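Here is the structure we will look at.
Residue numbers (this note's numbering): 5 to 372.
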């Protein structure tokens, strides 16, 4: 066994830094590949975004962030680039590529320009003839920017170890500045803005949280606020995000989106995990619904003993206490209870067993 371990370890070291990536244009209706471009040897595609640069008549470009011979521990590479392609009738034509200093894990369009996350620095580029033209940059994250999203004038930046930061572009000073951050350090694996002030965040420990910037907070970044963040004083940004909800999924979430799965259905937070699971968090339609599921979950914890003997509340609060989220999987086990137990739980909820089952079915149909 020791010899086999050493052999596999040597193979991993030998193959470290070897990648094979491609850029593919797919017809989502027919499921056909319209264009396929293979990248260079050991070049990994890390991020992708569409962008319409100002002054180009609304033409859509495709930007792809890559790194050559990338290794994660320790993080090293032999060159990082941002490829810009023209999209001509479902075909990709390489316009140019621009070399950057660190891995570009996040790309996003912002006001006719391209935001590129270069390590812990966020840069703003415009389109040039031979390469992208750098307009401004700022070190907006303490560790490593993993993703960038834009909602209106606000820029949501996710850090690998320090949760989410909200930034804005100060046109008068041509600078990017952070005006709000999360006081809780989270190793972000995925996040999705829900509205102008709210964002859903997933970390590598299997937690999903909903954070919101309070209405009393201001996004006016003056000289004092900008200098406070840049110099690391006053605990970071002047405004702090508040945690509205928290839930331990139990698996590492790799994708997170606000979506409607069927026409006319409810909008929810859909997530996918590293083991292939797909789930959704659906907001309660009213305070009555929220109280109903909270009390049903409480009764189900008492009626169903865990197979492993572990307390349900302890599991869902594995890293932080569960907050304002009811376990829909546990509530759905109501149909498996004996009829006497169903009747007892329903009476405590001032309903009949049929009404409780109908409520669970209606909630499921709201999303699906």
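From the three backbone atoms N, C-alpha and C, an ideal C-beta is built for every residue, glycine too.
Computed from a predicted structure; not experimentally measured.
Buried or exposed (CB count within 10 angstroms, at least 16 for buried), residue i
| i | result |
| --- | --- |
| residue 369 | exposed |
| residue 280 | exposed |
| residue 102 | buried |
| residue 77 | exposed |
| residue 167 | buried |
| residue 57 | buried |
| residue 47 | buried |
| residue 173 | buried |
| residue 151 | buried |
| residue 60 | exposed |
| residue 277 | buried |
| residue 367 | buried |
| residue 317 | exposed |
| residue 217 | buried |
| residue 331 | buried |
| residue 229 | At residue 229 the pLDDT is 45, less than 50, meaning the model places this residue with poor confidence; the figure from the coordinates comes in the next sentence. Counting Cβ neighbours within 10 Å, residue 229 comes out buried, since at least 16 surround it. |
| residue 127 | buried |
| residue 117 | buried |
| residue 231 | Only weak support is given to the placement of residue 231: the predicted model assigns it a pLDDT of 48, under 50, and the value that follows is read from those uncertain coordinates. Counting Cβ neighbours within 10 Å, residue 231 comes out exposed, since fewer than 16 surround it. |
| residue 357 | buried |
| residue 350 | buried |
| residue 163 | buried |
| residue 343 | exposed |
| residue 257 | buried |
Test item: CB-CB of residue i and residue j under 8 Å
| i | j | result |
| --- | --- | --- |
| residue 165 | residue 147 | yes |
| residue 196 | residue 260 | yes |
| residue 210 | residue 157 | no |
| residue 74 | residue 23 | yes |
| residue 64 | residue 38 | no |
| residue 363 | residue 296 | yes |
| residue 142 | residue 180 | yes |
| residue 40 | residue 70 | no |
| residue 54 | residue 66 | yes |
| residue 371 | residue 268 | no |
| residue 185 | residue 262 | no |
| residue 198 | residue 246 | no |
| residue 252 | residue 190 | no |
| residue 328 | residue 213 | no |
| residue 139 | residue 100 | no |
| residue 341 | residue 307 | yes |
| residue 104 | residue 88 | no |
Cβ distance (whole Å) where residue i is taken to contact residue j below 8 Å
| i | j | result |
| --- | --- | --- |
| residue 109 | residue 124 | Actually they are not in contact, since the Cβ atoms of residue 109 and residue 124 sit about 10 Å apart, beyond 8 Å. |
| residue 144 | residue 160 | Incorrect: roughly 11 Å between the Cβ atoms, too far for contact. |
| residue 302 | residue 334 | In fact, because the Cβ distance is near 10 Å, the residues do not count as touching under 8 Å. |
| residue 29 | residue 94 | 6 Å |
| residue 137 | residue 130 | 5 Å |
| residue 42 | residue 26 | 5 Å |
| residue 182 | residue 270 | Residue 182 to residue 270, Cβ: 33 Å. No contact. |
Collapsed DSSP secondary structure at residue i in the structure displayed
| i | result |
| --- | --- |
| residue 365 | helix |
| residue 347 | helix |
| residue 360 | helix |
| residue 297 | helix |
| residue 318 | helix |
| residue 229 | With a pLDDT of 45 at residue 229, under the threshold of 50, the modelled position of that residue is not reliable, and the figure given next carries that caveat. Correct three-state label for residue 229: helix. |
| residue 333 | helix |
| residue 111 | strand |
| residue 105 | coil |
| residue 90 | strand |
| residue 220 | coil |
| residue 303 | helix |
| residue 370 | helix |
| residue 340 | helix |
| residue 352 | helix |
| residue 120 | strand |
| residue 309 | coil |
| residue 328 | coil |
| residue 323 | coil |
| residue 139 | strand |
| residue 130 | strand |
| residue 245 | strand |
| residue 125 | strand |
Closer than 7 Å: residue i CB and nearest the ligand SAH heavy atom
| i | result |
| --- | --- |
| residue 201 | Of ligands this structure carries none, so the ligand SAH is not represented either. |
CB contact below 8 Å: residue i versus chain B
| i | result |
| --- | --- |
| residue 356 | Going by chain labels, chain B is absent from the structure shown, which holds only one protein chain. |
List in chain order: all unbroken beta strand (DSSP E) runs of 3+ residues lying wholly within the stretch 149 to 217.
-> 149 to 155, 158 to 163, 168 to 174, 179 to 185, 192 to 197, 202 to 207, 211 to 217
With a floor of 3 residues, list each beta strand (DSSP E) that falls wholly inside the stretch 258 to 299, ordered by position along the chain.
-> 272 to 277, 282 to 285
Which residue spans inside the stretch 34 to 85 form an unbroken beta strand (DSSP E) run of at least 3?
-> 36 to 42, 47 to 55, 65 to 72
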